[in-house]
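In this note's numbering, the protein residues as written are 19 to 279.
For glycine and all other residues, C-beta sits at the position ideal for the given N, C-alpha and C.
Since this is a predicted model, take the numbers as computed values, not measurements.
Structure first, then comments.
Written out as structure tokens, the structure reads:
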């Protein structure tokens, strides 16, 4: 059913908006943080989400099921990081593989001695270089709530990071951005997160971001869109660099916190 809808959407992009109008409220309701975006940005996001779905294949597997509001909600979240960049930033891959819950992943890991080990682990999301983006629908449903977590944005950030051939937390920067300023901001915050995680102290970001610079960039990107004031308070230099990179300032239109009397 979803495949037939995807084919219909690809062939009728101009007609899709009015025919899908009834599904947009349910789609936005699945991602409460999008209520903080302006009406104009939400309209642009809708159109970009439609274009995203017209160019990508959604592949439910392992008895996963997905309806139109779910598909639109995933597309809205995927479109958010490239709202002011364009879908060309998602070039080179074509499929989103959707599992109902966490999935088992097999991969190679090289230890300090250079020995390659075959590792098997449970994942809620994964991004393969020049391959598909893989998501757990259960984890997708838990994101976008304003708690700083969003697996769709996390894995899409990896896709942006992979554009220059390396997954190292340093995506291709725009002309005019200072690579030294980017490296300084991210390196300092990455060290701080690592120290706090090692000592089991409270952290601004998910401690998983201390796994590598690539994971730090993806985790910081999650919080940039899902809890921008929290990232801005915790790591202001990182927030400033991400605002330049994504060409967005989500904290600027986030509701001000009201202090209790």
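Length of the line joining the Cα atoms of residue i and residue j
i           : j           : result
residue 264 : residue 79  : 31 Å
residue 93  : residue 173 : 13 Å
residue 234 : residue 71  : 28 Å
residue 21  : residue 199 : Unreliable positioning characterises residue 21 in this predicted model, as indicated by a pLDDT of 49, which lies under 50. A coordinate reading is not provided.
residue 66  : residue 101 : 7 Å
residue 176 : residue 249 : 19 Å
residue 140 : residue 153 : With a pLDDT of 43 at residue 140, under the threshold of 50, the predicted position of this residue should be treated as unreliable, though the coordinate-derived value follows. For residue 140 and residue 153, the distance between alpha carbons rounds to 12 Å.
residue 271 : residue 54  : 7 Å
residue 164 : residue 269 : 12 Å
residue 59  : residue 167 : 21 Å
residue 183 : residue 110 : 11 Å
residue 242 : residue 171 : 10 Å
residue 41  : residue 261 : 30 Å
residue 275 : residue 87  : Interpretation of residue 275 is limited by its pLDDT of 49, a score under 50 that renders its predicted location unreliable; the figure taken from the coordinates is listed afterwards. One C-alpha to the other measures close to 30 Å.
residue 273 : residue 68  : 28 Å
residue 267 : residue 246 : 8 Å
residue 160 : residue 47  : 12 Å
residue 56  : residue 63  : 10 Å
residue 288 : residue 75  : This structure leaves residue 288 out entirely; the chain is present only between 19 and 279.
Residue i: first and last residue of the uninterrupted beta strand (DSSP E) it sits in
i           : result
residue 40  : Counting along the chain, residue 40 falls outside any beta strand (DSSP E), and DSSP gives it neither H nor E.
residue 113 : 113 to 117
Check whether residue i and residue j have beta carbons under 9 Å apart
i           : j           : result
residue 147 : residue 180 : yes
residue 116 : residue 84  : yes
residue 215 : residue 253 : no
residue 239 : residue 50  : no
residue 189 : residue 178 : yes
residue 73  : residue 108 : yes
residue 151 : residue 144 : yes
Span of the alpha helix (DSSP H), counted from its first residue to its last, around residue i
i          : result
residue 97 : 86 to 97
residue 72 : 57 to 73
Distance between beta carbons of residue j and residue i, contact taken as under 8 Å
i           : j           : result
residue 211 : residue 228 : 5 Å
residue 162 : residue 244 : 6 Å
residue 113 : residue 77  : 6 Å
residue 118 : residue 82  : 4 Å
**Study point:** Runs of beta strand (DSSP E) lying entirely within the region 151 to 226, each at least 3 residues, in chain order
**Key:** 151 to 154
Exercise for review: Mind listing, in chain order, the continuous alpha helix (DSSP H) runs of no fewer than 4 residues lying wholly within the region 237 to 274?
Suggested key: 246 to 252 and 254 to 264
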